[in-house]
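Here's the structure, in structure tokens; my notes come after.
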Amino acid sequence: MVKIGLKFQATLENIEELNPTDPNFRWGLKLKCSNCNESTDKWHYLSLNEEVPAPHGKDIHHLVCKCKLCSRVNTVTIIKDSIKKYTAEDTEKFKTIAVFDCRGLEPTEFSPGDGWVVKTIENGTEFEDVDLSDLPWADYCDKVKKPVSVDDIRYEFEKVK
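This note's numbering puts the first residue of the sequence shown at -19, with every later residue one more than the last.
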């Protein structure tokens, strides 16, 4: 069992928090087989609400897939308690926002995609289902009368204990 953290960094303007904690949020990952190093071309989407039973045993995972090259069955499970909000205090700093229990796979790329909830400063507007695929994302908050934006997203993966 290898736990891999997704470290996330972004530039937030007039935003208090960027939130991926909804159970329907889809984590877009490209993966590599740890056994043969075969990388996937396609995106795999994992969600806390989409559970898959393990091929053997009673475990539940969020992704079960078979490597096309070595035929090994691999799994990824989102560790529910590890999902964190990215806040104004975190802006332009790396913060681990999710940890994945990876068995036979390693994430290589992350796509922020849609489904984010953006909460503006000073109890302003809460924007739901924000798509961060095309940056910068920008809007205007009528409550605080200021522009809001998310830009310059970066990520890295790190093994955690």
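For glycine and all other residues, C-beta sits at the position ideal for the given N, C-alpha and C. None of these values were measured; they are calculated from a predicted model.
### Query
Do the region 95 to 115 and the region -18 to 1 touch if we need at least three Cβ pairs shorter than 8 Å?
yes
### Message
I need the DSSP call for residue 138, collapsed to helix, strand or coil.
### Response
Sequence index remark: in the sequence shown, residue 138 carries index 158 (1-based). Of the three classes helix, strand and coil, the one that applies to residue 138 here is strand, per DSSP.
### Task
Give me the Cα-Cα distance between residue 97 and residue 81, rounded to the nearest whole angstrom.
The count along the sequence shown starts at 1 and reaches residue 97 at position 117. The count along the sequence shown starts at 1 and reaches residue 81 at position 101. If you take the alpha carbons of residue 97 and residue 81, they lie about 24 Å apart.
### Message
Using CA atoms only, rank isn't needed, just tell me which of -6, 122, -18 is closest to residue 69.
### Response
The residue you call residue 69 lines up with position 89 of the sequence shown. Considering only alpha carbons, the answer is -6.
#### Entry: Nearest candidate by alpha-carbon position, reference residue 103, set 122, 109, 92, 34
Indexing the sequence shown from 1 puts residue 103 at position 123. The shortest C-alpha separation from residue 103 is found at 122.
### Identity of the residue in 91, 1, -19 nearest residue 25 by Cα
Within the sequence shown, residue 25 is the residue found at index 45, counting from 1. The option with the nearest alpha carbon to residue 25 is 91.
### Query
Do residue 7 and residue 58 have their C-beta atoms within less than 9 Å of each other?
Stepping through the sequence shown from its first residue, residue 7 is reached at position 27. Stepping through the sequence shown from its first residue, residue 58 is reached at position 78. Yes, the pair counts as a contact, with Cβ atoms nearer than the cut-off.
### Task
Using the DSSP secondary-structure output, state which residues sit across from residue 89 in a beta bridge.
In the sequence shown, the residue the question calls residue 89 occupies position 109. Note: residue 89 sits in a beta bridge opposite 10.
### Query
Which residues in the same chain have their Cβ closer than 6 Å to the Cβ of residue 55, if we skip the five residues on either side of it in sequence?
Along the sequence shown, read from residue 1 onward, the residue named residue 55 stands at position 75. Cβ neighbours of residue 55 beyond the five flanking positions: 41, 44, 83.
### Message
Tell me the rounded alpha-carbon separation between residue 143 and residue 62.
### Response
The structure shown has nothing for residue 143, since the chain only spans -19 to 141.
### Task
Quick one: using the 10 Å Cβ neighbour count with 16 as the cut-off for buried, is residue 87 buried or exposed?
For the purposes of this step, residue 87 is taken as the residue at position 107 of the sequence shown. Classification of residue 87: buried, given that the 10 Å Cβ count is 16 or more.
### Query
For the region 125 to 141 against the region 10 to 20, are there 3 or more C-beta pairs whose distance is under 8 Å?
Taking 8 Å as the limit for Cβ pairs, the verdict is that the region 10 to 20 does not touch the region 125 to 141.
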